[in-house]
Amino acid sequence: MYWPVSTPRVFTLPPIPPAESTAASNASGENYSTSNDATEPILTVKLSRNGILFGVITRTSLYVYQNRPVCPVAVAVRSESSLQTYGDNVHLLIRPDNVMFVVQTSLGYFLTYALNGSNAERVRVAKLSFDTTADIPYVLPGPGEEQGVREENIRFRMVIKVDAGIESAIALEEELLVLTTTPPAAQLIRWTPDARGGPQTRTELLSHMEWFNLRERITTIVFERAMGLFGWISSNGKAWAVVKHNTQVPSIGEKPAKVKLFSGYCFHSPQKGPIPATAAERRKSMDESEFVLKIAINSRFSLIGVGTVGGTIHIYNVKDYSGHIPLLRDIKSPFPPFGKVTVIAWSPDGYSLFAGYERGWALYSVYGKLVAHSILAEDGKHQNEAWLCGIQDAIWMSNGGDILVVPNESNELWSIEVARWSLTGSYNWDNLARTLLFTNEKLMLYRGQDQSDLTTISHEAILWQDVAIPYAYLAENWPVQQTCISGDGRYLAIAGKRGLGHYSIYSGRWKFFASEHMENEFSVHGGMLWFENILIACVNTDRNTHEIRAYSRERELDHSLVLHVQQIPSSIILISLVGDSLLVYTYSNTLYQFVISSNAFQFNLELVGQISFIGIVHAPARVRAINWILPEEQLENGNPVHDISLATIVFLIDGKLVLLYPLHNDGDLKYDMKVLLQNVEYYTIVTKGLLKNSIWAFDGTSVVVWLEVMLNLSRSDSVPVPIRIDIDFYPLSFLFEKGIIIGIESNLIHRRNVSFTYSANTTRTHLFIHQLLRYYLTSSQESEALKVAKSFQQLEYFGHALEMMLHDVLDEEADHPPSPDQAILPRVIKFLNNFPEMLDVIAGCTRKTEVASWHVLFDIVGSPKELFEKCMSLGQLKTAGGYLLILHTMEQLEDSSTDMIRLFSTAVEIGDWDLCKELARFLTALDNSGNTLREALRRMKLMNGVDSEVQSPLEREFLLGVAPEKTA
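In this note's numbering, the protein residues as written are 47 to 1014.
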C-alpha cells in the first residue's frame, strides 16, 4: 500500500572542521581526532523510537540527525588511540528515551554517549516574513519544520567492557541486553543502579536454556515493544521467537535464585526432513539457502518476517506465545540475481515491507504482493545512483512517508519518498470506492470513475488530480496521519498530529481552523468519513474525552460551528458508515449503532443499539474493519433498533476475515462464527445492484469474491466457495458499475536526456465481468448469469468480456478435455446466443486461439461456413470477413471462392471501403501476382481489360482504401 514517487533525495555525511572537533573533544572528555574522513562508508542507520532523531555510524564517527528538516545536529569523532584501544565502530544502539547512544566496537566494548538539548535561545528557526519589501528573505518552512533545527550536545559518558565478547545487543528501557560469544549467554546490564540494591547484571547461559539447548551463538536480536516479543537468529541459521520473563531482582543480602530470564521457540529452521543424529550429518542436511540473515516483527498484524541467504522472505503468523507460529507465505525475490537479503523493515503501520538485497531492493504489501522494485541492472553506478544497486541498511521515517536507505559501501543516505493509500490511516468504504493516495506534501486523487468507459480503462489517459496540502498546516502538524474522500468524490479531508482540514474539489478551497488553540485542542483518532457534505471525525481531546464531531463543509472550522458532538465512553478504534447508520467500535470491545438524521439546518446522531463482543473478540485493538449485512426485510420495513441483533457482522481482525451470523434461541442472541479467509489485506461489501451483499477481499495474491453471502449462509453451515481473480498488480478500487478493478503499477524510469532515475506509477485495470459469468455458468445458474450480463451490456467493452470468458474456457477444455457432463463450453455457447455480439465474440476468440483448438469450438457452435452465412444475412460484413479468414486457415475456402466475391460486392455496394481494402490485401496475400484480385474485380464488373502484368490504378485505390469510380 506504499508506492515510490518522484526522485529520491540524497544526503552526504558532512566533513567536520578541525576547530569543531577540537571543541568537542575538550567538552566531552575523550580525545577526538582533529579531522575525519567524510568518505568513510556508512555502516548502519538507526531510528529513535519517537522518530525525531536517527543515528548513523561509520568506522570512526557517530552522527546524530534530526528528522525534519533532515540535517546533522551532533557528531562524535573518535581518535586514533580510541580506535586502537576499543576497536572500530560496528553497530549502533539508541536507548528508547533518545538520551543515550551506544556504539558497539569490534573489540567487545560499548561506548556510551549522552545527548542533551541546548537552551531554547540556541534554536535555529526559519524566520518567516510575508512582507516582500522587508530585509528578511521570504521563507516557508517545509512539512514538520516549524520548530527549526535544534542544537544538541553529545558527550562521551563511559566505556562498558564485555569480557565474554559481543555477538549482538539491543537497548531496552531499563537494561542493555547483550548476547555474548564465549560463553554464549544472554546478559542484562542495567542502565542505572537498582534502587533495591540488586545486581547490576543478570546472566543466563544459552546452554542452560532448555528450549534452546544448542551450542550455537545468537548473531542477531530485534525487539518489538508492542508485542513484548524478541526475534533471535542463531549462528546455524535458525529463527526464534523469545519472550523475557519479569523476574524479581534480589536485594542485597538475598540469595539469588536460579531464574529463567527467557523462554522461546524455534519457528524457522533450514533443516530439511528428520534431524540426523550426529552434528556432521546435521550440517550436511542443512539447506544453506534457507539460513536466516535478517528478522523483523510486525506488531500491527502479528507477523514475523525472516530474510534468507537465498533471497526468499518467509512470513510467519504469531498466534500465541506458546510456539504456535505457522508459516503464512513465502516471498520470492523479484529477480534471483538480487542475491541474499540484507535488510527487511516493516512500515510503522505494518501495511508494507521493505526488503534490501545485495543487488537491489523491493517493496511488498503486508502479505507479500510486490508493488515496486529497483532496476535489475547496474546502470545506476554509472549515473552515481548507488541506491539502485544494493542496500546495506534501511529505516522508515516520517511516519512511513520516506524510506531512508544506505547503499552498499556508500557514505550517502538516500531518501525515497512514498505515496500511501488512504485506507491505511482511515479504513472506510468511500476510501475503497475512490482511490486516494497521499504523500508528505500532497493528495493524489484518481478521477477515472467519472470518465467514459474507454477512458477509464486507458493506460495513457491522465486520470489523476494532485492537491497540494497548505504548508501552514504541514509545518506544525506534519505528518499527515489520516485522509478520506466523500462517496461522490467532491470532498477530501486530512488530519495530522493535531486538528484537521477539508477541501472541495470543485471550488479548490481548503478550510482549516483559524484559531491555533482550537486546532491544538484535539487529535483525530479512530477515523474520519463523509456523510454527504458533512465530515464525521473521531477525536481525542486534551480533556481526555473521546468524541465524535460533525463539521459541515459549508461552514468555517470553529468549535462554535460544530454541527454535533457525541461523547463516547472509551477511545474509538474505528467507525463505519452503512446506509444512514454509523457503526462505532471502541477499545471497550463494544459496537455502537447511531442513526444519522440530517437536513439543511441540523445534524444529529441517535444511539439505537449497542452490543459487547467480550468473549468473541479477544483483542479489540486487532480489529481493522467492521461492517454488517442486514436481511432485506429488515432493510425495507424494519425498525433500526433491531438492526444490531439481526445483522450479520463482518470483522477484519489482523488478516482474518470473520463473519458472525446471528442465532436467536429463546430470546438469547448468539453468533455462529465463520472464518471466510486468512491473510486478508482489505475487504469491502457491495451495497447495491445485482452484486449486492457480495464480499470482495484481497489476500496478497488474488481478489477473492463471495457472491450472495446471505443466501449461501441460510442454505448451508459451511463457508461458501469463493471466486478467485488472479491479478498482476495491486488492486485499489472496485468499479462495480464498470466491471473493472483499478490498481497501480510502479516503474523506475531512466531517460537518456536526464542523469537520474525516477519513479512513475501507472494506472492498471482488470476486467472481472467474464469471471463472474463463468462462475454462474459453472454453478448451473444460467438465469443469474444472464441478469448480471445484462447489467453490464451497455458497456462499450462488454463484447470483449464475453470473448475473454469464451477464450478462457476454450483454452482450458482444449488442453484438458472434461467429461461431457462437466463440460462448460456448451453452456457458454448457449449463453452467448442471448447477445447480438455472439458472432463477433466467436470470430474474435478464434483468431486469438491456437488453430489446434478450433475444432473443439466449431464442433459445438457449428461450422464457420454456417456462421459466415449468418453474418451475411445480418449484414455484419466485417465479422463475415473474419470467418472467411477462418475458412481459409482451415483450408475450406478456395482462392476464387464465390463467398469472397459476395462479400466483396456487398462491401462495395454499401461503400465500406475499409473492408474492401482489407479484402483486397487478403486476395493479394493469397496470390502475389495479383491475378486473384483482378479476377475478383472483373466478376464484380468493376474493371475491364487490365493487363495482368501491370497493377491498375483501381487496384492501388483498393489497397489504399480509396473509393473507386465504377466503370461503365
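Beta carbons are placed, not taken as given, at the ideal position from N, Cα and C, and that holds for glycine.
Boundaries of the beta strand (DSSP E) harbouring G353: 349-354, taken from the DSSP string. Non-local beta-carbon contacts of K306 in its own chain, meaning distances under 8 Å to residues more than five positions away in sequence, involve E250, M255, H291, T293 in chain order.
For Q680, no beta strand (DSSP E) encloses it; the enclosing alpha helix (DSSP H) starts and ends at 678-683. When only Cα atoms are considered, S281 and T227 end up about 11 Å apart. Rounded to whole angstroms, the Cβ separation of I377 and T358 is 7 Å, and the two are in contact under 8 Å. The beta carbons of I906 and L931 sit no closer together than 9 Å. Scanning L698, L923, S829 for the CA closest to the CA of L818 turns up S829. Only residues of its own chain outside the window of five on either side were considered, and among them F156 have a CB closer than 6 Å to the CB of I206, listed in chain order. Nearest to R980 by alpha-carbon distance, out of I790, I947, F308, is I947. Residue state for Y597 is assigned as strand, using DSSP reduced to three classes.
Distance from the CA of L736 to the CA of S837, rounded to the nearest whole angstrom, comes to 8 Å.
Residue range 510-514 is occupied by the beta strand (DSSP E) that includes D512. Taking a cut-off of 8 Å on C-beta distances, the stretch 517-535 touches the stretch 466-473, as three or more cross pairs fall below it. In terms of Cβ geometry, N486 and E463 form a close pair [threshold 9 Å]. Residues V91, V389, A391, F400, G402, W407, I449, L450, V451, V452 of the same chain have their beta carbon placed closer than 8 Å to that of A440, with the five preceding and five following residues left out of the count. Here the alpha carbons of G101 and R405 stand approximately 24 Å from one another. Between R201 and the set V208, G188, V148, the nearest pair of CA atoms involves V148. Its chain contains Q528, A541, L546, A583, V585 as the residues whose beta carbon lies nearer than 6 Å to that of V570, once the 5 sequence neighbours on both sides are disregarded; these appear in chain order.
In the DSSP assignment, the residues bridged to N650 are S643.
Following the DSSP letters along the chain, one finds T970 inside the alpha helix (DSSP H) bounded by residues 959-972. 9 Å or more divides the Cβ of R95 from the Cβ of N162. The beta carbons of Y776 and S411 sit about 6 Å from each other, so the pair counts as a contact at 8 Å. Look at R248 here: in three-state DSSP terms it is strand. Beta-bridge partners assigned by DSSP to D376: H360.
With distances taken between CA atoms, E220 lies nearest to T247 out of Q112, I212, T636, T247. In this structure, D772 keeps its C-beta atom at 9 Å or more from the C-beta atom of G701. Following the DSSP letters along the chain, one finds F202 in no alpha helix (DSSP H) but inside the beta strand (DSSP E) bounded by residues 198-207. P516 has its alpha-carbon roughly 28 Å from the corresponding atom of I618. Membership of A665 in any beta strand (DSSP E) is not indicated, and neither H nor E is assigned to it by DSSP. Pairing E270 with A285, the inter-Cα distance amounts to about 15 Å. Counting other Cβ atoms within 10 Å of its Cβ, C891 reaches 16 or more and is therefore classed as buried. In this chain, the beta strand (DSSP E) harbouring H571 covers 568-577.
Between G785 and L841, the beta carbon gap of about 6 Å places them in contact (Cβ cut-off 8 Å).
The C-beta separation of S805 from L823 comes to about 42 Å, leaving the pair out of contact by the 8 Å criterion. Between the beta-carbon of Y537 and that of S550 there is about 6 Å, and that keeps the pair under the 8 Å contact cut. Going by beta carbons, V902 and E937 fall outside the 9 Å limit.
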